[in-house]
Each structure stands twice: as structure tokens, then as C-alpha cells.
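Novice: Here it is, the structure in full.
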Amino acid sequence: MKRSAWLGVVVGWLVQLGLKTFLPIVVLVAMRLLSLSSGDKVEWVEHPDNTSHWVWYVIQGSVFLGSMVAGMLAGYLSPRRSMVVPILLAVLSLLATAFEQFPRPWSPLVAGIWVGGPCLGLLIGYLVSHVYGREDA
Numbered sequence: 004m005k006r007s008a009w010l011g012v013v014v015g016w017l018v019q020l021g022l023k024t025f026l027p028i029v030v031l032v033a034m035r036l037l038s039l040s041s042g043d044k045v046e047w048v049e050h051p052d053n054t055s056h057w058v059w060y061v062i063q064g065s066v067f068l069g070s071m072v073a074g075m076l077a078g079y080l081s082p083r084r085s086m087v088v089p090i091l092l093a094v095l096s097l098l099a100t101a102f103e104q105f106p107r108p109w110s111p112l113v114a115g116i117w118v119g120g121p122c123l124g125l126l127i128g129y130l131v132s133h134v135y136g137r138e139d140a
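Using our numbering, read the sequence shown as starting at 4 and increasing by one per residue.
Shown next, in the form of C-alpha cells:
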């Protein structure tokens, strides 16, 4: 299969956008069901956008993992020596983050996790796909 940098960028970005939407919902529903079945009064649904609650950090972890999957897929579909793909993916991720709802309360740590987490996930996923990828490419 001929590898194209543009194919890697487009597929990686679309997968990241989809997983950044889907995985946090799955985490919230799963944890809410778990807390309801155990009788625990952890308010999973009530605090997903409050950065002072630990649920926000769990959701950001799911966004990071989804970004890693997107980066691995982009790395698999792109040429081996192309550095254009991870750079463009990071720029597109930053642009998409600019249109998201800003977390509250705001702090430098929250900003770093919120902005840097998806970009770092993409880059790590891309590097993992090249380190552990197919040898015939």
C-alpha cells in the first residue's frame, strides 16, 4: 500500500476528533454505572468540566489515550521518514482545542494538561507506530 502523508494527517486528525468526543462519554457512562451499582455517591456526571474535581483528570486521560490511538494510526498510514505528519497533527490539534470549551477554574497546570495532552498523545502514538511498526515499509 502506497503511503501518503496527507492520508495520515486526515485520518489521524479525524480519528482524534472522534475519539476526543467518544471516549470521555464512555468513561463518564461507565463510571456512573459503576458508582450506581456499588452505591457510591461519586458525582461522575456532575463534575466533568470542573478542573478542581478529579473526574476532569480522568477524562483528560481518556482524551490522551484516544490521541495516542489516532497518532498510531496516522503513523501507520504515513511514510516512515515524514516529519510533516506529526507536526501538522499537533497544529491541527491546537487549532481544534482553541474551539473547545475552556476548563474552569483556569491554572497553568490545567492549561498544560488541556492543551498539551492531546498533542503529546498524538506525538507519542506516532513515534510508537514507527518504533513498533512494520519492518517492510
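Glycine residues also receive a C-beta, built at the ideal position from the N, C-alpha and C atoms.
May I ask you to list the residues that DSSP assigns as paired with Arg107?
Specialist: Residue 107 sits at position 104 when you count from the first residue of the sequence shown. Looking at the DSSP assignment, Arg107 forms a beta bridge with Asn53.
Novice: According to DSSP, is Phe102 part of a helix, a strand, or is it coil?
Specialist: Here residue 102 corresponds to residue number 99 of the sequence shown, with the count starting at 1. Coil, per DSSP.
Novice: Would Trp16 pass as a contact of Leu95 if the rule is Cβ separation under 7 Å?
Specialist: Here residue 16 refers to the residue found at position 13 of the sequence shown. Here residue 95 refers to the residue found at position 92 of the sequence shown. The answer is yes: Cβ separation under 7 Å.
Novice: Is it the case that the Cβ atoms of Leu92 and Leu125 are separated by a distance below 7 Å?
Specialist: Within the sequence shown, numbered from 1, the residue matching residue 92 stands at position 89. Within the sequence shown, numbered from 1, the residue matching residue 125 stands at position 122. Taking 7 Å as the Cβ cut-off, Leu92 and Leu125 qualify as a contacting pair.
Novice: Are there 16 or more other CB atoms within 10 angstroms of the CB of Trp109, so buried, or fewer, so exposed?
Specialist: Here residue 109 is taken as the residue at index 106 of the sequence shown, counted from 1. Trp109 is exposed by the Cβ-count criterion.
Novice: Just to confirm, are Ala77 and Gly136 a CB contact at a threshold of 7 Å?
Specialist: Translated into positions along the sequence shown, residue 77 becomes position 74. Translated into positions along the sequence shown, residue 136 becomes position 133. No, the Cβ-Cβ distance between Ala77 and Gly136 is not below 7 Å.
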